[in-house]
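One structure is given here, and the rest of the page talks about it.
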Amino acid sequence: MSSKRTVQFKIYRYDPDRDDKPYMQDISVELEESDKKLLDALVRLKAKDDSLSFRRSCREGVCGSDAMNINGKNGLACLTSIDELPQPITLRPLPGLPVIRDVIVDMTQFFKQYHSIKPYLVNNDPAPERERLQSPEDREELNGLYECILCACCSTSCPSFWWNPDKFVGPAGLLAAYRFLADTRDQATTERLDNLEDPYRLFRCHSIMNCVDVCPKNLNPTKAIGKIKDMMVRRAV
Amino acid sequence: MEFWQFHPTGVAGAGVLITEGVRGEGGILRNSSGERFMERYAPNLKDLASRDVVSRSMVTEINEGRGCGTEKDHVLLDITHLSPENIMKRLPGIREISIQFAGVDPIKAPIPVVPTCHYQMGGIPTNYKGQVVVPKDGNSNVPVPGFYAAGECACASVHGANRLGTNSLLDLLVFGKSAGETVVADFESGQLTLKPLPDDAADVSLARIARLESQTNGVEVNDVRLDMQRTMQKHAGVFRFADMLKEGVTKIMEVAERAKYTQIKDKSKVWNTARTEALELDNLIEVAKATMVSAEARKESRGAHVRDDAIDCAETPNGRDDKNWLKHTLWFSEGNRLDYKPVNLQPMSADVEPIALAKRTY
Numbered sequence: 001m002s003s004k005r006t007v008q009f010k011i012y013r014y015d016p017d018r019d020d021k022p023y024m025q026d027i028s029v030e031l032e033e034s035d036k037k038l039l040d041a042l043v044r045l046k047a048k049d050d051s052l053s054f055r056r057s058c059r060e061g062v063c064g065s066d067a068m069n070i071n072g073k074n075g076l077a078c079l080t081s082i083d084e085l086p087q088p089i090t091l092r093p094l095p096g097l098p099v100i101r102d103v104i105v106d107m108t109q110f111f112k113q114y115h116s117i118k119p120y121l122v123n124n125d126p127a128p129e130r131e132r133l134q135s136p137e138d139r140e141e142l143n144g145l146y147e148c149i150l151c152a153c154c155s156t157s158c159p160s161f162w163w164n165p166d167k168f169v170g171p172a173g174l175l176a177a178y179r180f181l182a183d184t185r186d187q188a189t190t191e192r193l194d195n196l197e198d199p200y201r202l203f204r205c206h207s208i209m210n211c212v213d214v215c216p217k218n219l220n221p222t223k224a225i226g227k228i229k230d231m232m233v234r235r236a237v
Numbered sequence: 001m002e003f004w005q006f007h008p009t010g011v012a013g014a015g016v017l018i019t020e021g022v023r024g025e026g027g028i029l030r031n032s033s034g035e036r037f038m039e040r041y042a043p044n045l046k047d048l049a050s051r052d053v054v055s056r057s058m059v060t061e062i063n064e065g066r067g068c069g070t071e072k073d074h075v076l077l078d079i080t081h082l083s084p085e086n087i088m089k090r091l092p093g094i095r096e097i098s099i100q101f102a103g104v105d106p107i108k109a110p111i112p113v114v115p116t117c118h119y120q121m122g123g124i125p126t127n128y129k130g131q132v133v134v135p136k137d138g139n140s141n142v143p144v145p146g147f148y149a150a151g152e153c154a155c156a157s158v159h160g161a162n163r164l165g166t167n168s169l170l171d172l173l174v175f176g177k178s179a180g181e182t183v184v185a186d187f188e189s190g191q192l193t194l195k196p197l198p199d200d201a202a203d204v205s206l207a208r209i210a211r212l213e214s215q216t217n218g219v220e221v222n223d224v225r226l227d228m229q230r231t232m233q234k235h236a237g238v239f240r241f242a243d244m245l246k247e248g249v250t251k252i253m254e255v256a257e258r259a260k261y262t263q264i265k266d267k268s269k270v271w272n273t274a275r276t277e278a279l280e281l282d283n284l285i286e287v288a289k290a291t292m293v294s295a296e297a298r299k300e301s302r303g304a305h306v307r308d309d310a311i312d313c314a315e316t317p318n319g320r321d322d323k324n325w326l327k328h329t330l331w332f333s334e335g336n337r338l339d340y341k342p343v344n345l346q347p348m349s350a351d352v353e354p355i356a357l358a359k360r361t362y
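Residue numbers (this note's numbering), protein chains in the order written: chain X, 1 to 237; chain D, 1 to 362.
What follows is the structure, given as structure tokens:
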């Protein structure tokens with residue numbers, strides 16, 4: 001198990017202020033027994049070389065900021081156990097988004113798609129005195145949808161999103177879209193479906209299922225997308 | 001600024017929080033002999049006693065040698081008596097955290113936990129409208145025009161020296177909304193008289209960055225931060241001791257002095273997280289100084305601030321000295337100066353009676 005050990009890394013490095021082009025850096029770090037997650041190792045690496053740049057915040061899989069490509073698969077550094085990773089551990093930025101520096105990517109396009117599906121409850125009834133209640137059964141429909149932390153692991157592992165990041169909403173955005181389509185309190189079902197009825201926005205999903213494979217919260221965007229497609233078909237017949 | 005809440009149940013070693021809800025659902029804290037020790041400390045509320053009480057009880061168990069694990073440095077949070085269906089349905093996130101960070105499936109085995117530093121009751125003093133208030137001409141709560149604060153950085157003084165779980169929602173939803181409405185109302189009123197910004201307004205910030213850029217033979221940001229963390233944990237933790245606080249003030253000033261000479265190697269102008277961390281450290285040092293100096297000065301126990309030299313007797317129940325210390329501490333960065341202001345115990349609604357001060361029992 002964990003003990004004092006040296007771990008080898010290969011890390012994508014690029015600082016536009018200094019480098020002409022990106023390169024892979026070979027670097028190793030000695031870990032303490034208490035270092036269990038990849039993020040612990042990255043913090044040790046940064047103490048050694050403070051120019052190594054990555055995002056991090058909550059260190060418990062809630063903020064979603066330390067998403068990166070780890071040995072070829074997208075994941076969160078804070079939820080990935082170091083000892084389970086073959087070495088050298090290869091770290092790259094999330095694929096398909098512009099690199100700002102090292103493993104930090106520009107998430108603008110990802111959030112643009114997310115905002116495009118109106119990720120909030122639309123209900124035009126006058127605000128009630130108390131909460132808008134749901135039955136436990138209705139609430140159950142939202143399980144597996146609301147837990148998304150917007151880390152972008154799924155969308156940046158999706159070939160359809162790589163090809164059309166400006167036109168295809170992507171798995172994260174579509175999961176959020178279904179979260180509101182499935183919400184009994186939401187009144188914008190028609191508008192939401194209209195918004196997705198397009199050769200690209202929804203239908204570029206070809207059920208490749210990379211999103212399901214990488215989601216650090218074990219969610220299933222493909223299933224949610226299938227349900228939106230069902231709704232589209234049902235309202236057409 | 002001396003009042004800090006330690007959340008009782010952080011995953012041992014990782015610090016990740018296990019929600020209060022686990023004890024709400026029937027979770028039990030146990031020591032090395034499997035005893036439900038909270039029965040001794042809080043016979044009525046047991047595991048559901050206030051956070052500060054549970055945290056102190058846990059630390060007492062550990063300090064007295066009844067901790068668990070090879071280092072006897074934590075206690076156990078047990079929900080193995082709950083049905084797996086109930087755990088999966090009511091506490092799925094907690095099960096995930098426990099498996100991830102403690103390597104323990106709480107359906108089968110108890111979760112190792114320790115109290116972890118969680119929330120500061122103090123902050124930038126505000127009124128209920130989110131306006132920052134300062135003492136001026138004998139009035140202790142004069143709003144500073146155009147200066148607002150809300151959330152954990154603010155102190156609207158509803159928490160007092162302690163805080164109940166979920167009260168952060170009060171800070172965010174009630175005072176956040178209130179502060180937002182005040183900002184709009186103040187600016188729309190046209191009555192706001194703001195002083196013109198001096199020409200050198202940016203100089204202080206620029207000087208901080210310039211200092212970092214040119215620092216040579218300095219100290220590592222990481223080393224200073226670790227020193228600060230260890231000093232605070234040792235000298236201003238769950239339990240506080242008169243001599244340790246005194247020594248803590250000297251020590252944190254030494255750490256603060258070193259923080260003036262932090263050095264970064266990364267000088268890039270693109271997304272420089274080394275620089276961000278160095279600047280953040282300066283801010284953390286301010287909070288650490290405020291905490292230690294205020295805590296050393298408050299010669300009583302109150303809420304989350306518990307001193308060994310405060311006597312529990314009829315005049316000072318639980319060591320709380322209302323005669324001399326029923327007051328807020330105000331800390332000023334310049335010269336580490338302290339001032340005090342009275343506590344408002346009067347509800348804003350005339351028809352609500354104030355709650356009388358009484359000894360805390362659980």
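Even glycine gets a Cβ: it sits at the ideal position worked out from N, Cα and C.
Partners in chain D for residue i, counting only beta-carbon separations shorter than 9 Å
i      : result
X:I100 : V270 and W271
Three-state class that DSSP yields for residue i in the structure shown
i      : result
D:G24  : helix
D:H305 : strand
X:G75  : strand
X:S65  : coil
X:D230 : helix
D:W271 : coil
X:P159 : helix
X:C211 : helix
D:M1   : coil
X:Y120 : coil
D:M38  : helix
X:Y12  : strand
X:I149 : coil
Buried or exposed by the 16-neighbour rule on C-beta atoms within 10 Å, applied to residue i
i      : result
D:G122 : buried
D:L172 : exposed
X:F202 : Looking at the sequence provided, one finds Leu at residue 202 of chain X rather than Phe. Label assigned to X:L202: buried.
X:H206 : exposed
X:S3   : exposed
X:L239 : Because chain X in this structure spans residues 1 to 237, residue 239 of chain X falls outside the shown range and cannot be described.
X:T184 : exposed
D:I355 : exposed
D:L40  : Checking the sequence, you will find Arg at residue 40 of chain D rather than Leu. Under this definition D:R40 is an exposed residue.
D:S301 : buried
X:Y14  : buried
X:G72  : exposed
D:W325 : buried
D:L6   : A small correction: the amino acid at residue 6 of chain D is Phe; Leu does not occupy that position in the sequence shown. By the 10 Å Cβ count, D:F6 comes out buried.
D:E20  : buried
D:I311 : exposed
Alpha helix (DSSP H) segment containing residue i, residue limits
i      : result
D:I107 : No alpha helix (DSSP H) contains D:I107, which DSSP labels as neither H nor E.
D:H235 : V221 to H235
D:Y370 : Chain D is shown from 1 up to 362; residue 370 of chain D falls before or after that span and cannot be answered.
Contact list for residue i against chain X, beta-carbon separation under 9 Å
i      : result
D:Q364 : Only positions 1 to 362 of chain D appear in the structure, and residue 364 of chain D is not among them; the question remains open.
D:I97  : E60 and G61
D:K265 : D49, D50 and S51
Under 7 Å by beta carbon: chain D residues contacting residue i
i     : result
X:A47 : N222
X:S34 : G13
DSSP bridge partner residues for residue i (one or two, in chain order)
i      : result
D:P125 : D:C155
X:Y200 : None; X:Y200 has no bridge partner.
D:T70  : In DSSP, D:T70 forms no bridge with anything.
X:L30  : Going by the sequence as given, residue 30 of chain X is Glu instead of Leu. Answer by DSSP bridge pairing, in chain order: X:T6.
D:G10  : D:L17 and D:V114
D:T262 : D:V219
Contacts of residue i in chain X (Cβ-Cβ under 7 Å)
i      : result
D:A274 : D50 and S51
Range covered by the beta strand (DSSP E) that runs through residue i
i      : result
X:R92  : I89 to R92
D:K136 : Q131 to K136
D:Y148 : N139 to Y148
D:D78  : V75 to D78
D:T329 : K327 to F332
X:I82  : Here X:I82 belongs to no beta strand (DSSP E), and DSSP marks it neither H nor E.
Chain D contact residues for residue i, given Cβ-Cβ distances below 8 Å
i      : result
X:R18  : S268
X:D15  : S268 and V270
X:I104 : W271
X:L121 : Near X:L121 there are no residues of chain D at all, since even the closest Cβ is about 16 Å away, more than 8 Å.
Contacts that residue i makes with chain X (C-beta to C-beta distance below 8 Å)
i     : result
D:V16 : R59 and E60
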